[in-house]
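Novice:
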Amino acid sequence: MEPELEAQLLTQERDTRLWAALSHPARRAVLEWLDVGPAAATDLAGSISARFGVRRSRASQHLRALAAAGLVRVIHDGSERWYAIADDAALPVARWLRDRGLISERAAGR
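The following block contains the structure:
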């Protein structure tokens, strides 16, 4: 496979993970909750479960999807996992918008 095509496919896969992660209201709620600071996985799972009526295992899947998309980072503290908004979490979204001419270079963080 040509390097340019391979890079394009990787970018498309990354974009798909990103938009899939942002597509669910529970995941967007997690990002809003984390805006005030890191939170324990157990607390987040409980909040997701209560607000959206899903099992804790499904809530944990939402957290993993956000991490896989690069929107949150996982902090290990002993046996507990904490989640925080990833540094520059909004950059992939801004770059996607910039690449399509929807926002300026400056707004995209360049």
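In the numbering used here, the protein residues as written are 1 to 110. The C-beta atom is built at its ideal place from N, Cα and C for all residues, glycine as well. Please read these numbers as outputs of a predicted model, since none were measured by experiment.
From the DSSP output, read off the bridge partner residues of E80.
Specialist: Note: E80 sits in a beta bridge opposite D77.
Novice: At which residues does the alpha helix (DSSP H) containing P3 begin and terminate?
Specialist: Residues 3-23.
Novice: Answer yes if the segment 5-22 comes into contact with the segment 59-73, meaning at least three C-beta pairs across the two stretches below 8 Å, and no otherwise.
Specialist: Counting Cβ pairs under 8 Å, three or more are found: they touch.
Novice: Under a Cβ-count criterion, where at least 16 other Cβ atoms within 10 Å of its own Cβ denotes burial, should A20 be classed as buried or exposed?
Specialist: Counting Cβ neighbours within 10 Å, A20 comes out exposed, since fewer than 16 surround it.
Novice: How big is the Cα-Cα spacing for H62 and H76?
Specialist: Their backbone Cα atoms lie some 18 Å apart in a straight line.
Novice: Less than 8 Å separating the beta-carbons of A65 and R51?
Specialist: No, Cβ-Cβ distance for A65 and R51 is not below 8 Å.
Novice: Identify every residue that forms a DSSP beta bridge with L85.
Specialist: A small fix is needed here, since residue 85 is Ile in this sequence, not Leu. Note: I85 sits in a beta bridge opposite V72.
Novice: From what residue to what residue does the alpha helix (DSSP H) around L91 run?
Specialist: Element bounds for L91: 91-99.
Novice: Going by C-alpha to C-alpha distance, which of A26, A84, P3 sits closest to R56?
Specialist: Checked all of A26, A84, P3; the closest Cα to R56 is A26.
Novice: Would you kindly report the start and end of the unbroken alpha helix (DSSP H) that includes S49?
Specialist: Taken as a continuous stretch (DSSP letters only), the alpha helix (DSSP H) holding S49 covers 41-52.
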